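Chemist:
Number of protein chains: 2
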Amino acid sequence: MSKQELVVLGQEQADGCCPTLATAPLDEERAADLAKVFKALGDPVRLRLLSMIASRDGGEVCVCDLTPAFELSQPTISHHLKLLRQAGLIDCERRGTWVYYWLLPGMLERLGDVLRVPQPTGGRG
Amino acid sequence: MSKQELVVLGQEQADGCCPTLATAPLDEERAADLAKVFKALGDPVRLRLLSMIASRDGGEVCVCDLTPAFELSQPTISHHLKLLRQAGLIDCERRGTWVYYWLLPGMLERLGDVLRVPQPTGGRG
DNA sequence: AGGCTGTATCGATGTTTATTGATACAAGCA
DNA sequence: TGCTTGTATCAATAAACATCGATACAGCCT
Numbered sequence: 001m002s003k004q005e006l007v008v009l010g011q012e013q014a015d016g017c018c019p020t021l022a023t024a025p026l027d028e029e030r031a032a033d034l035a036k037v038f039k040a041l042g043d044p045v046r047l048r049l050l051s052m053i054a055s056r057d058g059g060e061v062c063v064c065d066l067t068p069a070f071e072l073s074q075p076t077i078s079h080h081l082k083l084l085r086q087a088g089l090i091d092c093e094r095r096g097t098w099v100y101y102w103l104l105p106g107m108l109e110r111l112g113d114v115l116r117v118p119q120p121t122g123g124r125g
Numbered sequence: 126m127s128k129q130e131l132v133v134l135g136q137e138q139a140d141g142c143c144p145t146l147a148t149a150p151l152d153e154e155r156a157a158d159l160a161k162v163f164k165a166l167g168d169p170v171r172l173r174l175l176s177m178i179a180s181r182d183g184g185e186v187c188v189c190d191l192t193p194a195f196e197l198s199q200p201t202i203s204h205h206l207k208l209l210r211q212a213g214l215i216d217c218e219r220r221g222t223w224v225y226y227w228l229l230p231g232m233l234e235r236l237g238d239v240l241r242v243p244q245p246t247g248g249r250g
């Protein structure tokens, strides 16, 4: 049930450290990989789903608990969960009748690293 | 030239600290605000533009240096820059003939905070 | 003023995406 | 076996988006 995950973002830069947005201009490939993940986060429903999963105490959430939290059809929720999974942000497992989702924290951590701004930036921001 | 920025993300949670994805389920409004910013990052061209701006030494980049780095028309680059600006990620100023963009690091920092995962998560991730 | 260059906006177009109802698949239970 | 429930997939549709050419705007220069 977790085949088609993105591999993405393993690629440390050859020329030193810190694969950060502000370190050096992203090359096309890396930008494309990152964009896929950010795009997955770029929807309010998916953000809420991810947050519900990530903040769950046991670490797992049943789809049956997620779906009724939205005024959306069951296929729509299923679709959004699939996108989050394809982005490598969550994974899932069927256990009997129900399917449980949990967070893969690694991807969020890597995104956090990418976004980190090293210095007061020199600029005026 | 910097009127229509997003205000977004100032909202600390009433119940304590750390407005993180994994702290508690996002409410609809906050999810919608965050989604706008992530959506702005969810495009490879915009990511590369942002990275080119953020990694620039002087802190500023002339549009005339950005546009030729892509095989895209000038209006398209202008459009992407506008989206990044509306997301509160960058700002710009016309200086004579040219327009210069720079990073607003605050938004990236806030996103980084939101993505931070507090613990080994309890779960299986 | 007129012409030139850099950048933004506008309108149109093709593609992607969110959403849904219908349906298929999986697992439990009678 | 057949029925019921939970979840995923499919096909269709409408909305959102990326892209472009044309054009408008802003500031130089002559």
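From first to last, the protein sequence lines are chains F and L.
Position 123 of the first sequence, counting from 1, maps to 123 under this note's numbering, and the rest follow consecutively.
Each number in this note's numbering corresponds to the 1-based position in the second sequence with 125 added.
For every residue, glycine included, the Cβ atom is placed at its ideal position computed from N, Cα and C.
A quick note: this is a predicted structure, and the numbers were derived from the prediction, not measured.
1. How about L:Ile178 and L:Trp227: are their beta carbons less than 8 Å apart?
2. With distances taken from CA atoms, which of F:Leu49, F:Ala87, F:Glu29, F:Lys36 is nearest L:Ala147?
3. I need the boundaries of the alpha helix (DSSP H) containing F:Asp57, first residue and last residue.
4. When you check each C-beta in the region 210–243 of chain L against every C-beta of chain F, which residues fall closer than 8 Å?
5. Measuring CA to CA, which of L:Thr201, L:Gln199, L:Val242 is closest to F:Met107?
6. Are there any heavy atoms of the ligand MN lying less than 7 Å away from the beta-carbon of F:Ala35, as far as the coordinates show?
7. Could you tell me which residues DSSP pairs with L:Arg210 in its beta bridges?
8. Out of F:Leu26, F:Arg30, F:Ala24, F:Val37, which has the shortest C-alpha to C-alpha gap to F:His80?
9. Please report whether the beta-carbon of L:Lys164 lies at a distance below 8 Å from any beta-carbon of chain F.
10. Give me the Cβ distance between L:Thr145 and L:Asp216, rounded to the nearest whole Å; I'm assuming they're in contact under 8 Å.
11. If contacts are defined as beta-carbon pairs under 8 Å, then L:Leu107 and L:Leu166 qualify, I think. What distance do you get, rounded to the angstrom?
12. Is the shortest distance between the beta-carbon of L:Glu196 and the beta-carbons of chain F less than 8 Å?
13. Tell me the rounded alpha-carbon separation between F:Gly58 and F:Tyr100.
14. Taking the beta strand (DSSP E) that L:Leu146 belongs to, which residues open and close that run?
15. Would you say L:Pro144 lies against chain F (beta-carbon separation less than 8 Å)?
16. Looking at the C-beta of F:Gly10, does it have a partner C-beta in chain L at a distance below 8 Å?
Modeler: With the structure as the only source:
1. Numbered from 1 along the second sequence, position 53 holds the residue referred to as residue 178 of chain L. Numbered from 1 along the second sequence, position 102 holds the residue referred to as residue 227 of chain L. L:Ile178 places its beta carbon less than 8 Å from that of L:Trp227.
2. Within the second sequence, numbered from 1, the residue matching residue 147 of chain L stands at position 22. Selected option, being the one with the closest Cα: F:Leu49.
3. The sequence position of residue 57 of chain F within the first sequence is 57, counting from 1. First-last for F:Asp57: undefined, no H or E at that position.
4. Along the region 210–243 of chain L, the positions whose C-beta sits under 8 Å from a C-beta of chain F are Asp216, Trp227, Leu228, Leu229, Pro230, Gly231, Leu233, Glu234, Leu236, Gly237, Leu240, Arg241, Val242, read in chain order.
5. Walking along the first sequence from the start, residue 107 of chain F turns up at place 107. For F:Met107, the closest C-alpha among the options L:Thr201, L:Gln199, L:Val242 is that of L:Val242.
6. Within the structure as shown, the ligand MN is missing, as the structure has no ligands at all.
7. As a working note, residue 210 of chain L is residue 85 in the second sequence. Residue pairing of L:Arg210 in beta bridges, as defined by DSSP: absent, with no partner found.
8. Position 80 of the first sequence, counting from 1, holds the residue named residue 80 of chain F. F:His80 has its Cα closest to that of F:Val37, out of F:Leu26, F:Arg30, F:Ala24, F:Val37.
9. Start at 1 with the first residue of the second sequence, and residue 164 of chain L comes out as number 39. Chain F, which has a Cβ nearer than 8 Å to the Cβ of L:Lys164, makes this yes.
10. Counting from one through the second sequence, the residue named residue 145 of chain L turns up at place 20. Counting from one through the second sequence, the residue named residue 216 of chain L turns up at place 91. The pair is not a contact, with the Cβ atoms about 26 Å apart (cut-off 8 Å).
11. The requested residue 107 of chain L is not part of the displayed model; chain L covers only 126 to 250.
12. Locating residue 196 of chain L in the second sequence gives position 71, where the first residue counts as 1. Chain F contact via Cβ: absent.
13. Translated into the one-based positions of the first sequence, residue 58 of chain F becomes position 58. Translated into the one-based positions of the first sequence, residue 100 of chain F becomes position 100. Note on geometry: alpha-carbon atoms of F:Gly58 and F:Tyr100 lie some 11 Å from one another.
14. Taking the second sequence and counting its residues from 1, the one referred to as residue 146 of chain L is at position 21. Taken as a continuous stretch (DSSP letters only), L:Leu146 belongs to no beta strand (DSSP E), as it is neither H nor E.
15. Residue numbering aside, residue 144 of chain L sits at position 19 when the second sequence is read from its first letter. Chain F contact via Cβ: absent.
16. Taking the first sequence and counting its residues from 1, one reaches residue 10 of chain F at position 10. Because F:Gly10 carries a pLDDT of 44, less than 50, the predicted location of this residue cannot be relied on, and no value is offered for it.
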